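Here is the structure we will look at.
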Amino acid sequence: MRAGERLRIEVIDTTRDRGAAGMRVDVFTLGAHARKLCSGVVNADGVVDAPVLATAAIAAGEFEVVFYVGDYFRGRVAPEKEPPFLDTVPFRFTIAGTQPYPTPTSAMSARARTCASAWRW
């Protein structure tokens, strides 16, 4: 990555066609020195407000972001009698070099159409 770049997490709730405001995310580094790097909450624009990872924290390696999809949808749609189909959703990716990495992913909810998550550098 180049100086000044950071990891940007953007989450769009496509059932409402807007940012998934209030969804929590955690970012971990994996491997021999696995640890939680940071946590964040998605704002009304669908973006985690603060830079999630500064350039210094982004080194080659494997990472995981955990999206708390079940918590987000609880109370936003009709109550379910069963646990949500998707609750805590991990997304793993590897950074190997200095180029930008777009890493889109999406998650389906059993009680709502789609919650799409996109990573942008």
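Offset between the sequence shown (1-based) and the numbering used here: plus 62. Ideal placement from N, C-alpha and C gives every residue a C-beta, glycine not left out. It should be emphasised that the depicted structure is a prediction, and the values quoted were computed from it without experimental measurement.
Query                                                                                     : Result
Beta-bridge pairing of residue 150 - partner residues as DSSP gives them                  : 130
Exposed unless 16 or more other CB atoms sit within 10 angstroms - verdict on residue 177 : For residue 177, the predicted model reports a pLDDT of 38, less than 50, meaning its position is unreliable; a value from the coordinates is still stated below. The residue is buried, with at least 16 neighbouring Cβ atoms inside 10 Å.
Length of the line joining the Cα atoms of residue 184 and residue 145                    : Here the chain covers residues 63 to 183 and nothing more, so residue 184 does not appear.
Residue 106 versus residue 84: straight-line alpha-carbon distance, rounded               : 8 Å
Whether residue 74 touches residue 127 by CB criterion (8 Å)                              : no
Distance between residue 148 and residue 121 (C-alpha atoms, nearest Å)                   : 30 Å
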